[in-house]
Every structure is written in C-alpha cells, then in structure tokens.
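Student: Sharing a structure here in structure tokens format.
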Amino acid sequence: MVHSGLFGQEYYLKLKERDRNLINEHITRVVSIHKIEGENIYAFANEEELAKIRAYGYAPELLKHPSDTYRNLDMATNIDQMADWDRYPTYEVYRAMMKRFEAQFPELCRLDSIGTTIKGRKLYVLKITSQVDELLPKPEMFYTSSIHGNETTGFVLMLRLADHLLQNYGSDSRVTKMLNESVIYLNPAANPDGTYKSGNHTVAGATRGNANGKDMNRNFPDPRVGTYPSGPHQPETIAMMEFAQSKNLSLSANFHDGAELINYPWDAWVSSERKHADHNWFEAISIQWADQVHSNSPQGYFFPGYTHGGDWYVVAGGRQDYMNYWHHCREVTLELHDNFLTATELLPSFWNYQKESLLSYIEWLQTGVSGTVMNEAGVPLEARITVLNHDKDESWVRSNPYHGHYLRMLEPGTWQLEFSAFGYVPQVLEVEVTDIDSSQTLNVILKKAVTTSIAGRVYEFGTNKPLKDVEVSLKNTPHIALTDSSGWFQMDSVSIGNFELRIAKEGFITSLNEVELDTTQQIIELFLFPGDPESFEEGLTPGFLTETNPWTIVNDVSYDGLSSLKSGEISHNRTSTVSIPLKIAARGEISFALKTSSEASYDFLKFYINGEEKAAWSGETDWTVATFAVDTGMQVFEWKYIKDQADTGGSDAAWIDQIVFPQSFQQVSFEILSSSSGEPVNEALIQFDSKSQLTDQAGIFVFSEVLRGTKIYEVSKDGFQNVVDTLVVSFVNVFNKVYLEEIPTYSIMFTVIGSGLPVKDAKIEIYDNILWTDNEGTATTHGLFARNYEYIISAEGYNPYTGVIDLKADTQLVVMLSPVLTEDPAEVGVFWKAFPNPFSDQLHLMFKPDSSGPLLIEVFDPAGKRVFEINEDGMESHGSSLVL
6 MVHSGLFGQE
16 YYLKLKERDR
26 NLINEHITRV
36 VSIHKIEGEN
46 IYAFANEEEL
56 AKIRAYGYAP
66 ELLKHPSDTY
76 RNLDMATNID
86 QMADWDRYPT
96 YEVYRAMMKR
106 FEAQFPELCR
116 LDSIGTTIKG
126 RKLYVLKITS
136 QVDELLPKPE
146 MFYTSSIHGN
156 ETTGFVLMLR
166 LADHLLQNYG
176 SDSRVTKMLN
186 ESVIYLNPAA
196 NPDGTYKSGN
206 HTVAGATRGN
216 ANGKDMNRNF
226 PDPRVGTYPS
236 GPHQPETIAM
246 MEFAQSKNLS
256 LSANFHDGAE
266 LINYPWDAWV
276 SSERKHADHN
286 WFEAISIQWA
296 DQVHSNSPQG
306 YFFPGYTHGG
316 DWYVVAGGRQ
326 DYMNYWHHCR
336 EVTLELHDNF
346 LTATELLPSF
356 WNYQKESLLS
366 YIEWLQTGVS
376 GTVMNEAGVP
386 LEARITVLNH
396 DKDESWVRSN
406 PYHGHYLRML
416 EPGTWQLEFS
426 AFGYVPQVLE
436 VEVTDIDSSQ
446 TLNVILKKAV
456 TTSIAGRVYE
466 FGTNKPLKDV
476 EVSLKNTPHI
486 ALTDSSGWFQ
496 MDSVSIGNFE
506 LRIAKEGFIT
516 SLNEVELDTT
526 QQIIELFLFP
536 GDPESFEEGL
546 TPGFLTETNP
556 WTIVNDVSYD
566 GLSSLKSGEI
576 SHNRTSTVSI
586 PLKIAARGEI
596 SFALKTSSEA
606 SYDFLKFYIN
616 GEEKAAWSGE
626 TDWTVATFAV
636 DTGMQVFEWK
646 YIKDQADTGG
656 SDAAWIDQIV
666 FPQSFQQVSF
676 EILSSSSGEP
686 VNEALIQFDS
696 KSQLTDQAGI
706 FVFSEVLRGT
716 KIYEVSKDGF
726 QNVVDTLVVS
736 FVNVFNKVYL
746 EEIPTYSIMF
756 TVIGSGLPVK
766 DAKIEIYDNI
776 LWTDNEGTAT
786 THGLFARNYE
796 YIISAEGYNP
806 YTGVIDLKAD
816 TQLVVMLSPV
826 LTEDPAEVGV
836 FWKAFPNPFS
846 DQLHLMFKPD
856 SSGPLLIEVF
866 DPAGKRVFEI
876 NEDGMESHGS
886 SLVL
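Just so we're aligned: the sequence shown equals residues 6 to 889 in the working numbering.
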C-alpha cells in the first residue's frame, strides 16, 4: 500500500462522523472531502492536514491512495496516438495538441497561456468561436477540468470537445451555430503539476493537490468564509481569478471525478440555509444534463445525477461559488466518474455518455433574455442587469463593455429587468419567459442622465474652521474632489439621483451622507468631527467588554504609539472576545489596524457588527487597516480570536489598534450637590452641549444623545459659586457629580437713633427685605452676600435717610435720624442740618441760635450715655456752623 512518497505526502483516508454540523463547519475546513457514505467520510489530506484532523481527536484510517490502484494508463507520446482518444497525452503531447488546434484552425481558435504553475508548466486556455479575433456581441462560456490533478476524465473530454467543435464547424449545423453565436473557452488541465506529478511522461501517481500539496478547489475566495479560506492563493488560483476578471463569462462548468453527478450552487451553504436566486433554474438545467447522460449511458451510471452543493457536503473556497458570487457567472461542477485516473480504455465511453450534455450545456447560451445595451449614440455600455425582487447574493449580470452584449438566463415567469449604467438613466423593462429554453432579444438604449453639480464647504465640527484636503466622493461613481484652503469643493457633470456622499480626512471621523441631486446645483455645508482613535495608550478604555479569556494591553507590539490590544491566551477550541456597544449618531465607517500570527486557515481573527461576520484573517498578517460601513442606531462591534481543535501557529495571537469609530451618542447625567452639606441642589442651572436645563428635586438632570468629545459645562445657582469645567464624553454613559460651594452670607444689625433716643418701628428697606426696628431701635437682616447695598430708613417724625454700605462681614450700623422741623427755625434754636449721619470722625452741624450767648452741645452714644459736652460762647445770632 502506498500512502505517500510517490504522491508527495498526499494521503487518502477514512474517518467517522455523523454530526453534519461538525462535518460542514470543521472537517471540511481541515481535509479535502471526496465523498460521504453514512458516517464514513473519505478525504484527501497533506501532512499538515493529517496532523490536524488527528489533533481534532479523530483516528483516520489511511487507505490506499486512489492513484495507486492498478489500471491501464496508456500514454500518447505523439499526437497521432491520440486519434482514438483512448490515451492520455504526455505533457509535451498535450502542449503540441493545443498549439496544433490553433495552427489548423486559425479562423476559429486561439491559444493563450493564462499563467504558469509552480513547476513551470503552462495553464492553457483555447478560445473557440467564429471570427475568433473579432470582439463580437456573443455570450461567453468556460469549460475547465482537472483542478484536482488525479481527476482526469474531463482532461481528455475537453481535448476531444475542442477537436469536435473545430473539425465540425461548417459541416455540422449545430456546431456551426454554436461557434457563430457563442465564444467557448476550454481549459483541459487546470492543475498540470498534480496531473503530471510523477513527470511529464505519465499521469500515473497523479495527486489531487498542486505541487504545494494544496487543494485549489478550496483555495478561492469564499462568500461565507472570506478571501483566504485555505491560506494564501496558489499561483494557479490567481491565474484563474485573473482570467475570469478579464472576461464576461455567462456560463461555466468545472469537471471532476470521484462521483457521478452535477452539483450546483451554493457549495458554501445548505439549501435550507441559503439558496441561489436562480436555484430553480440551476436545478432544471442539472436535471437536463443528468437525463441526457442517462439516455446515452448504461443503467446505473451517473446516479444520483444532480444535487445542491451544500446539501451534498459544504465546501469552503470552491471555484463554483467564487465564479457565481464574484463574477456573476452561472457555474456548476461536474463529477464524471466514481473512480480517479480513469482507465484509458474507458475514455471513449465517457465521451459517448457525456457528449450530448456537453453540447447542450453550451446551447443554454442561446436561451433567456439577451441583447445589447447602448447609449443614444450607439456606444456600448457596461451596464448592470438586475432582476428586481429576485436577484440576491451578487446574482445580477453585466453587459460586455466592448460590444454591450448581455445574457440573463431565467426560469419561466414575468420579470422586471432593470438596466443601469453610470451616468445614464436606469430603465426597467418587463419580460415574460414562457419556457426555460426559450429566448428573446431585448436591445436597450439608455439615455444620458441629466447632470448637475454639487459643491460646498467642509468645516471642523465645533470650531467651524474650514478644512483643506478633505476627500469628497460620491460612492460607486468616479466623482471625487479635494477641498481647498477655504474648505470648498465642487463636482460637475454629476448625474441626478440618489447618492452616498463620503467625506474623509486623516485625523477626522469619516462621514457618509445620503444626498439627492436634482437639476438645481446643490451647495451644502458639511462637518467632520475630529478623530478620537482608540489606541489603548491609557489602558483599556471604559466601554470595551472582555470578560472570558480577556484581551489585554501590550507594549511590545503596536501599529501606532506604544500599545495595542492583544487577544487572550486560550487553548484549543476556545474563543477570546472583545466588544463594545455604541449608539451610532451618523452613518459612517469604522476602521482599525489589525495583525495576526496564527495557524493559517484554522485559527482566525474575525470581526463582527451586530453578530454579522464582516471579515476574517488568519496566518501571518502584518499590520493592515480594515474599513467597514456602519449604519446609525445601536451597533455592537466585536473582535474574536477563534482557535480550532488542535495545533498552533506563529505567535498564536491577534492584535488590534488605532480604532476609529463613527460618531456616537452617549447619555450624560449630572448630579448637583452642596459641597458643605452633600444635599442635592434643586433648580441648579446646567449649561451643557448647547442646552440649558434645571435639576430636579434630587439635583439630577440627564442629557441624552450627547456626541463624543471634550465639552464645557457651567453650573450656577443663587447662593453658590458658579462651576465651569470640561467633561470628556467617550464610549460609555457619563455620570458627573458636581459639588457647588455655598457663597458666604452676612448680617447687618441696624440701630436707629433719633433725638438721642432709640427709634421704634423705623422702616428699613434693603435689597428685597423690609425690616422694622424694635423697642431698642434695632433690626437685623441675614443672608446677604458680600456686595454694595443701598438702604432707606424712614420713621414717623423723622426725615428719611438713604445710605450705602459695602458689606464684607457681619456689621452693626448706627443711623441717626433728624426730626422733622415743626416750627420756624427762625424762632427757635434748632438744627437745620447735621451731616453726614451716621458719621465716623466728623459731624457737621448747621444751626441758628435764638441769640448770642452760651451754647451747650451734648453727645450721646446709641445706649443713651452722654459721651461728652461742648460749651461755646458768643455765637453769632445770624447763624453758625460747628464741626465736631
């Protein structure tokens, strides 16, 4: 028994597993499944994959490699020996045959090498059509075989099909019609390194994988798993991807051995989980293929005949899903023979079994709805053709930009087809497909869209400062502009319609804005928020959640600055998660730097938004920046480092850094308290985020939907010192306690004296207070702040008195009121005026005595005690003044 060596460490094995979820989610990602029979899984594996499946806990039984089974493998060493199609060509003969097709039929055939294998062999593709050098409006299709090098039935069938088409053009009306109306590309050997593993002279010892031991039918970008489902793309994979990109293929099939059936999309999902938009159409053409094979083959061949791919078993990285999803091409997978390396004497029989199906499949190119898409000047357009309320998962098709031809194959029904191209008015046309093999021509002329212009200025939010070098673009169009030093941008000749306007500048948060453009020039003002990238320099910012197997801050690896966030150290079959929920305020983008060093294709860093996987990275990925669009509303951003059941690679970790989130809302709560008592301050005025609000009885007010950033707030309340401060609003709700310091208050005790005695019931008016003196002539007011106060004192029988006090401490104030004069001062000796009152160090008296003579002046304190007396003689009778 041969397990390796000859087959380059490629193993064939059997293991047992009944759980379909485990098979579809794990086992299919480790080994290359050949078939499943009950609980028995038959698969191929290289050294690494064998170790991996064992580490998963399985004990695979190593079987004899299929290529080691004896069978007749006659090789043609010259082209003539291929005449009966019952041999395999040596590599040199294969090359010679391909070149001779072109040489013999120069009007019908062109040979192209689309790439080179690891071992230097050519990846040949034949183009077969009438007027082969002309770019004519014909649909294109592709047949490719033997991506698994030991699945060789299709290898010879493709060579024979090329010969049949070329030899019969002009004599066979069916073939002639095919070449006149279609472009057929044939690739007989997609993995010549695997097919000629033992050397160019033989297919004996052929392997499934390429020279690197990689299964290339697990190596294409996958709509479910991501871009690199099995590690870096192999050279042969890249060549096929580039070839598909260069064409506008409508139909395709890839040929295998190991079963006998036709397999249609999706391979990535079971049908109960997701079906292709054209599931019914695929099923119908698959049934036709199988029925035609059954009509031309012995009973028992090609059963069950057809299946939905994922229902058979799920595959990640298959070319069938890649072609359907990324290139909108209807591709199926053909399994021609249960056995590998078909014995050469059986090859003519398989041609007889499959010939009618091979030809009929090409004829599907002449069904459905087809035509050209042009503008009014007759210029071909690259248009998107979408079946409204039907297409999904990239099932739309496009017209060929060189000649405008398109083909949309459809099951019977009434359909709305939308034709759209950049710069043109979309057109929706209704078509009725009566039969699946019916055809109709629908040529479409799109009118040039009415154009307008959009212009405006971009400012920094908050400062209103114009921003220079902001990139302003309309997504999915070529329109792009940069702002000048005044923040101005302008885009002309823009089609009217609805667009998404993207505004981006380094150091700012990218903004996405819906705009509706009509014939009127739009001038708009746009604002960008300063960026606040999370780079973990200050530790794990509040808001990030990482509990089980937590991510940690490290200082030895970073994208920017000194720190980054690293996945937790976990064992096999575990996950380390970090997440953050945010209420997104405006549609925008999240971007972050990432790095992985893990077991390639098995241990992944995955990023999710609201539970939907957006991307995955594995193996050695150096720092790169990923960007994803984000809608408004509550969004949960989540990073997971996920390990499979066995083995490690690299540093066994993932890192993220420099995360820029779209602008988000947070809730900010203020609680206002007295610094002295700790009690809530009711009706304190909070000025924050361009709003003014009063606190409730508990001293609280909550501001909702506050944008991130550093913001100024002010809190004020009578009797308290104002507080002005800044508050950082980040990724979590903020609860901000503010303590107000009470302003000190003072008292004034008034003592009112009149005619040397206390004045009772004198009225004192100061600020908002009215006081009345008691029997002692006193009255006291409390709770006055330090400032100047004017007061007025009035009492019956006395002249009112107005004064001003500069209050800085508790104060006692004595006020002397002058009595109201009741007699003519000319007749009695009475004071005319005493000022100032009260006085400090001087008092001016102005009076008129009744005659010249002695004068006695007595001075009393507020308590009525005589302080001193003054005797003056010889006062002038006409009046005097005295200064005390």
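Each residue gets a CB set at the ideal place from its N, CA and C atoms; glycine is no exception.
In this text the structure is predicted, and so the values were computed from the model without any measurement.
On the three-state DSSP scale, how would you describe D326?
Tutor: helix
Student: Looking at the structure shown, is K470 part of a helix, part of a strand, or coil, going by DSSP?
Tutor: coil
Student: For D652 versus Y607, is the C-beta distance shorter than 8 Å?
Tutor: yes
Student: Which class does K360 belong to by DSSP, given the choice of helix, strand or coil?
Tutor: helix
Student: Suppose you measure from the CA of W401 to the CA of G210; what does that come to, to the nearest Å?
Tutor: 42 Å
Student: With 16 other CB atoms within 10 Å as the buried threshold, where does Y407 fall?
Tutor: exposed
Student: Figure out for me which residue from D220, A194, P111 has the closest Cα to the Cα of Q172.
Tutor: P111
Student: Express the C-alpha separation of Y327 and E618 in angstroms, rounding to a whole number.
Tutor: 18 Å
Student: With 16 other CB atoms within 10 Å as the buried threshold, where does A924 fall?
Tutor: Any answer about residue 924 is impossible in this case: the structure gives the chain only from 6 up to 889.
Student: Any idea if A249 is buried or exposed, counting beta-carbon neighbours within 10 angstroms, 16 or more meaning buried?
Tutor: It counts as buried.
Student: Between I677 and L745, is the Cβ-Cβ spacing less than 8 Å?
Tutor: yes
Student: Figure out for me which residue from G461, S823, Q640, S251 has the closest Cα to the Cα of I119.
Tutor: S251
Student: From I367 to A273, what distance separates their C-alpha atoms?
Tutor: Going by the C-alpha atoms only, they are around 26 Å apart.
Student: Over what stretch of residues does the beta strand (DSSP E) that includes K40 continue unbroken?
Tutor: Counting along the chain, the unbroken beta strand (DSSP E) around K40 starts and ends at 37 to 42.
Student: With H, G and I counted as helix, E and B as strand and the rest as coil, what does DSSP make of Q668?
Tutor: coil
Student: Does DSSP classify I691 as helix, strand or coil?
Tutor: I691 carries a strand assignment under DSSP once its states are collapsed to helix, strand and coil.
Student: Could you check where the alpha helix (DSSP H) with F612 kicks off and where it finishes?
Tutor: From DSSP, F612 is part of no alpha helix (DSSP H) but of the beta strand (DSSP E) over 609 to 614.
Student: Got a sec, what are the start and stop residues for the beta strand (DSSP E) L498 sits in?
Tutor: Looking at the sequence shown, residue 498 is not Leu but Ser. Run containing S498: 493 to 500, per the beta strand (DSSP E) assignment.
Student: Using the C-alpha atoms, what's the distance from D561 back to T546?
Tutor: 19 Å
Student: Give me the DSSP bridge partner(s) of N518.
Tutor: L506
Student: Just list the beta strand (DSSP E) runs in the region 203 to 262, keeping only unbroken ones of 3 residues or longer that don't cross its boundaries, in chain order.
Tutor: 254 to 261
Student: Can you give me the Cβ contacts of I705 inside the same chain, cut-off strictly under 6 Å, excluding the 5 residues immediately before and after it?
Tutor: E676
Student: Comparing C-alpha positions only, which one of T347, N285, E265, T158 sits nearest to Y311?
Tutor: It is E265 whose Cα lies nearest to the Cα of Y311.
Student: Which one or two residues does DSSP pair with M639 in a beta bridge?
Tutor: K588
Student: Which runs of the beta strand (DSSP E), 3 residues or longer, sit entirely within the region 127 to 169?
Tutor: 127 to 133, 145 to 150
Student: What do you get for K104, buried or exposed, if any count of 16 or more other CB atoms within 10 angstroms of its CB means buried?
Tutor: exposed
Student: DSSP three-state label for E66, please.
Tutor: strand
Student: Using a Cβ-Cβ cut-off of 6 Å (strictly less than) and excluding sequence neighbours within five positions of V36, which residues of its own chain qualify?
Tutor: A48, A50, E54, I58
Student: Report the residue ranges of all beta strand (DSSP E) runs contained in full by the region 526 to 609; include only those spanning at least 3 residues, in chain order.
Tutor: Inside the region 526 to 609, DSSP marks whole beta strand (DSSP E) runs of 3 or more residues at positions 527 to 533, 557 to 559, 569 to 571, 580 to 589, 593 to 602, from first to last along the chain.
Student: Could you check the C-alpha separation between P94 and D138 for me, to the nearest Å?
Tutor: 28 Å
Student: Exposed or buried, M414, counting other C-beta atoms within 10 Å across all chains shown (16 or more means buried)?
Tutor: buried
Student: Rounded to the nearest angstrom, what separates M87 and S596 at their Cα positions?
Tutor: 58 Å
Student: Measuring only the C-alpha atoms, how far is V775 from D730?
Tutor: The amino acid at residue 775 is misidentified as Val; the sequence shows Ile. C-alpha separation (whole angstroms): 38 Å.
Student: Based on DSSP bridge pairs, tell me the residues matched to Y190.
Tutor: Answer is K132, F147, bridged to Y190.
Student: With 16 other CB atoms within 10 Å as the buried threshold, where does Y17 fall?
Tutor: Classification for Y17: buried.
Student: Is W286 helix, strand or coil by DSSP?
Tutor: helix
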